[in-house]
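Residue numbers (the working numbering): 243 to 478. Working notes, beginning with the structure itself.
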């Protein structure tokens, strides 16, 4: 029986197995389906729309960490274009196939760039205005996450934003059932519930942010339906 008092240390297959491009692409396609039907994009899209309205006359830049195939950036670009705001997007992901998938699914004229790298090895010639990540932080240990938060706070010029899962038995058993019923990729079948078990509660976020040295007056932890948390932090 899965317990939810603390984060699971179980590894996800996506983090431990090496696969070819075709299998990786199928996994990303299935994850995008789940993200659409679980409203995974909504917290980030709402945050971004609010942020760019404050800087509508400026040329902005956004770095998406753990960007996968770029599905989040393509949605953010649509908002940027609708609001007539010039924004350049860069996605960074460690997986060697993420860039290839992203380029195949992104218009060649879109202001979106893909980088394959460990984020801590990035040479940021110019610090981005915004740093985002979605469904990324639960892949990290608490120690790694604290380091990542400090890195974002050092490099984001305007603000940074985290969008991730809420560790709770309802989403855990719901996604476990859904991925058993439908013919999703084997990574999705295994990792979806594990991701929830590795995720966070509100108390976790406060502890981690305080450990990272982020003062309470600078950040906001917000719950979103269905069972997600976002963390918004503005630079001082």
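Just so it is clear, CB atoms sit at the ideal spot from N, CA and C, and this is done for glycine as well. Source: prediction; values computed, not measured.
| message | The beta strand (DSSP E) that contains residue 306, what's its start and end? | response | Where residue 306 is concerned, the enclosing beta strand (DSSP E) stretches over 302-307.
| field | Assigned exposure category for residue 341 - 16 Cβ within 10 Å defines buried | value | buried
| task | Check whether the Cβ atoms of residue 403 and residue 286 sit closer than 8 Å, and answer yes or no. | result | yes
| Nearest residue (CA-CA) to residue 250, options 473, 478, 443 | Measuring from the Cα of residue 250, the nearest candidate turns out to be 443.
| task | Work out the CA separation of residue 419 and residue 365 for me, nearest whole Å. | result | 42 Å
| query | Between the beta-carbon of residue 318 and the beta-carbon of residue 290, is there less than 8 Å? | reply | Closer than 8 Å, so yes.
| request: Indicate the three-state DSSP secondary structure (helix, strand or coil) for residue 455 in the structure shown. | output: coil
| DSSP three-state call for residue 269: helix, strand or coil? | Helix at residue 269.
| Considering only residues of the same chain and omitting the five flanking positions on each side of residue 460, which have a CB-CB separation below 7 Å? | 475, 476, 478
| said: Contact between the stretch 437-455 and the stretch 307-314 is defined here as three or more beta-carbon pairs at a separation below 8 Å; is this criterion met? | reply: No: the two stretches stay apart, fewer than three of their Cβ pairs being nearer than 8 Å.
| request: In angstroms with no decimal places, state the Cα-to-Cα distance between residue 410 and residue 396. | output: 31 Å
| query | In or out: residue 467 buried (at least 16 other Cβ within 10 Å) or exposed? | reply | exposed
| Check whether residue 429 and residue 256 have beta carbons under 8 Å apart | yes
| Do you know how far the Cα of residue 328 is from the Cα of residue 246? | Between the alpha carbons of residue 246 and residue 328 lies a distance of about 43 Å.
| query | If you check the beta carbons only, do residue 371 and residue 302 fall under 8 Å apart? | reply | yes
| task | Identify the continuous alpha helix (DSSP H) that holds residue 344 and give its terminal residues. | result | 340-346
| said: Looking at the ligand PLP, does it come within less than 7 Å of residue 245, judged from the CB to the closest heavy atom? | reply: Ligands are entirely absent from the displayed structure, and the ligand PLP is therefore not among its contents.
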